[in-house]
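This report concerns only the one structure given below.
Number of protein chains: 2
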Amino acid sequence: MARKRGLTPDDVVAAARELADADGLEAVTLAAVAERLSVRSPSLYSHVDGLDGLRRRLAFEAAEALRLAFVAAAADRTGLEALEALAHAYRAFARDHPGLYAAAQRAVEPDEDPELYAALGAVLEPVLGALLEAGVPEGELIHVTRAFRSALHGFMELELKGGFGIPESVEESFRHLVGLVLSGIEGLAAGGEAPAAQD
Amino acid sequence: MARKRGLTPDDVVAAARELADADGLEAVTLAAVAERLSVRSPSLYSHVDGLDGLRRRLAFEAAEALRLAFVAAAADRTGLEALEALAHAYRAFARDHPGLYAAAQRAVEPDEDPELYAALGAVLEPVLGALLEAGVPEGELIHVTRAFRSALHGFMELELKGGFGIPESVEESFRHLVGLVLSGIEGLAAGGEAPAAQD
DNA sequence: GTCCCATGGCTAACGGCCTTAGTCACCTGC
DNA sequence: GCAGGTGACTAAGGCCGTTAGCCATGGGAC
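Those protein sequences? They're chains A and B, same order as listed.
Reminder that position 84 of the first sequence reads as 132 in my numbering, one-by-one numbering, no gaps.
Reminder that position 172 of the second sequence reads as 220 in my numbering, one-by-one numbering, no gaps.
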């Protein structure tokens with residue numbers, strides 16, 4: 049019954065992923081994953097390097113999935129239009145895969161885990177491309193990317209964790225946020241300097 | 049030696065707060081707090097309702113501290129200028145009190161803990177006031193507030209957790225973000241409708 | 001001044017978690 | 001048909017939160 053033998057690392061990660069999306073990333077415990085696979089938790093160590101290793105695997109999985117969603121969203125779109133599509137793809141991803149999304153937020157020092165660092169960085173490439181197309185000066189690219197990411201991440205963090213008290217059209221709030229950020233980027237691309245509060 | 053007798057709930061919360069700011073909110077464990085107070089962890093139950101109760105107390109503490117920081121920042125400023133000051137006060141608070149800041153992010157359903165919900169909501173009042181002064185239409189107030197909060201929260205989440213790989217002038221990135229959001233709000237207040245990506 | 005009892009510490013113990021060490025059965029390759 | 005490695009297992013230890021039950025202290029009532 050069940051798989052008597054022959055669990056693979058991918059099986060373990062897949063189980064963790066399901067668990068994360070269903071019950072939250074914090075529910076991904078070796079005990080829970082093991083139970084889901086009808087196995088005792090020490091057995092998982094044959095396939096995955098402890099809880100930390102599993103989390104790292106999940107982060108890779110998440111980075112790649114989000115990157116693919118971005119690539120698909122930006123396909124045959126450019127500039128601001130692509131940015132808008134990216135923003136909505138971001139939200140859709142976070143809503144559809146909350147656990148995986150949370151797993152992608154794992155922060156890593158570049159010299160601590162270069163591989164994962166690179167994978168997480170690759171996610172942003174479609175964003176960088178779209179920003180350049182939109183006319184953002186290269187010198188401000190880092191700042192604008194960070195702003196774009198901050199806005200989206202902050203919103204999803206609040207939405208997913210229930211930080212928005214009343215469900216008063218979260219959808220529309222998101223559109224407002226995107227519009228606000230995009231208009232700022234647009235102005236910045238046209239005008240050159242940042243629009244306000246520039247020291 | 050030390051306090052032989054007479055630990056108070058406030059002592060416990062204060063110890064937790066120090067621990068949170070020094071080592072991160074996840075380091076706030078009953079065992080760690082107890083050790084810091086030279087006491088065994090079961091003793092804390094006399095003063096605080098378990099780990100959850102302690103976290104709740106921390107959330108109150110955090111909400112009030114942040115609210116005060118906001119009130120101070122907005123004092124004798126109005127509109128966009130006040131918003132800019134609020135933004136910088138937000139970042140300063142998060143940087144100075146990372147643990148407390150994290151504790152403030154605890155999400156609560158309105159009917160689950162109305163008191164805490166109210167305390168957390170009160171934090172945003174100075175923001176609402178400034179937005180109104182800045183000319184944001186009342187119908188869009190919720191959305192703009194959410195956008196403002198999302199941007200700030202997302203940025204700090206990324207900054208504090210080390211999500212910005214290179215420390216390439218995080219300071220300047222933040223000014224960019226603030227400028228971008230403020231210009232969006234400004235345009236929205238003047239123009240009426242949201243600037244882009246509407247519908 | 002004495003007694004009583006609430007306060008606020010404590011130890012003991014349980015269950016859950018991650019993890020390591022050591023064991024054992026099966027499947028595969030020779 | 002045998003040997004060995006793979007991948008499961010049990011046992012055990014450490015850290016966590018939590019509950020139950022104990023006991024000393026000290027302040028207030030008389």
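Just so it is clear, CB atoms sit at the ideal spot from N, CA and C, and this is done for glycine as well.
Give a yes or no on whether the C-beta atoms belonging to residue i and residue j are separated by under 9 Å.
i, j, result
"residue 197 of chain B", "residue 213 of chain A", "no"
"residue 60 of chain A", "residue 85 of chain A", "yes"
"residue 230 of chain B", "residue 114 of chain B", "no"
"residue 92 of chain A", "residue 73 of chain A", "no"
"residue 87 of chain B", "residue 55 of chain B", "yes"
"residue 134 of chain B", "residue 178 of chain B", "yes"
"residue 43 of chain A", "residue 165 of chain A", "Past the edges of chain A, shown from 49 to 247, lies residue 43 of chain A, and the structure says nothing about it."
"residue 111 of chain B", "residue 82 of chain B", "no"
"residue 63 of chain A", "residue 71 of chain A", "no"
"residue 182 of chain A", "residue 131 of chain A", "yes"
"residue 138 of chain B", "residue 107 of chain B", "no"
"residue 217 of chain B", "residue 191 of chain A", "yes"
"residue 104 of chain B", "residue 161 of chain B", "yes"
"residue 189 of chain A", "residue 176 of chain A", "yes"
"residue 194 of chain A", "residue 206 of chain B", "yes"
"residue 232 of chain A", "residue 101 of chain B", "no"
Can you tell me whether residue i is buried or exposed, with buried defined as 16 or more other CB within 10 angstroms of its CB?
i, result
"residue 154 of chain A", "buried"
"residue 242 of chain A", "At residue 242 of chain A the pLDDT is 46, less than 50, meaning the model places this residue with poor confidence; the figure from the coordinates comes in the next sentence. Buried, since its Cβ has 16 or more Cβ neighbours within 10 Å."
"residue 146 of chain B", "buried"
"residue 58 of chain B", "exposed"
"residue 186 of chain B", "exposed"
"residue 65 of chain B", "buried"
"residue 143 of chain A", "exposed"
"residue 221 of chain B", "buried"
"residue 174 of chain B", "buried"
"residue 235 of chain A", "buried"
"residue 247 of chain B", "Summary for residue 247 of chain B: the model assigns pLDDT 41, below 50, so the residue's position carries little reliability; its value from the coordinates is reported in the next sentence. The residue is exposed, with fewer than 16 neighbouring Cβ atoms inside 10 Å."
"residue 237 of chain B", "buried"
"residue 210 of chain B", "exposed"
"residue 97 of chain B", "exposed"
"residue 69 of chain B", "buried"
"residue 109 of chain B", "buried"
Can you name the residues of chain A whose CB is closer than 7 Å to the CB of residue i?
i, result
"residue 259 of chain B", "The question about residue 259 of chain B has no answer here: the residues shown for chain B are numbered 49 through 247."
"residue 127 of chain B", "Result: empty, since nearest Cβ-Cβ is about 12 Å, beyond 7 Å."
Quick one: list the residues of chain A neighbouring residue i, beta-carbon separation under 9 Å, in chain order.
i, result
"residue 67 of chain B", "Within 9 Å Cβ-Cβ: nothing; residue 67 of chain B doesn't reach chain A, min ~20 Å."
"residue 165 of chain B", "213"
"residue 158 of chain B", "213 and 214"
List the residues of chain A whose Cβ lies closer than 8 Å to the Cβ of residue i, in chain order.
i, result
"residue 212 of chain B", "194"
"residue 220 of chain B", "191"
"residue 188 of chain B", "224"
"residue 179 of chain B", "None at all; the shortest Cβ gap to chain A is about 12 Å."
"residue 102 of chain B", "Ordered by position in chain A, no residue passes the 8 Å Cβ test against residue 102 of chain B, which lies about 18 Å from the chain."
Using a cut-off of 7 Å between C-beta atoms, extract the partners of residue i located in chain B.
i, result
"residue 155 of chain A", "209, 210 and 211"
Can you name the residues of chain B whose CB is closer than 8 Å to the CB of residue i?
i, result
"residue 169 of chain A", "213"
Going along chain B, which residues have a C-beta under 9 Å from residue i?
i, result
"residue 116 of chain A", "Per Cβ cutoff of 9 Å: no residues; residue 116 of chain A is ~21 Å from chain B at best."
Quiz prompt | Contact between the segment 218-230 of chain A and the segment 118-126 of chain A (3+ Cβ pairs under 8 Å) | solution = no
Quiz prompt | Complete runs of the alpha helix (DSSP H) confined to the segment 162-212 of chain A [at least 4 residues] | solution = 162-170, 173-181 and 189-208
Quiz item: Where are the alpha helix (DSSP H) runs, 4 residues long or more, that stay fully inside the segment 109-156 of chain B, in chain order?
Solution: 127-144 and 146-152
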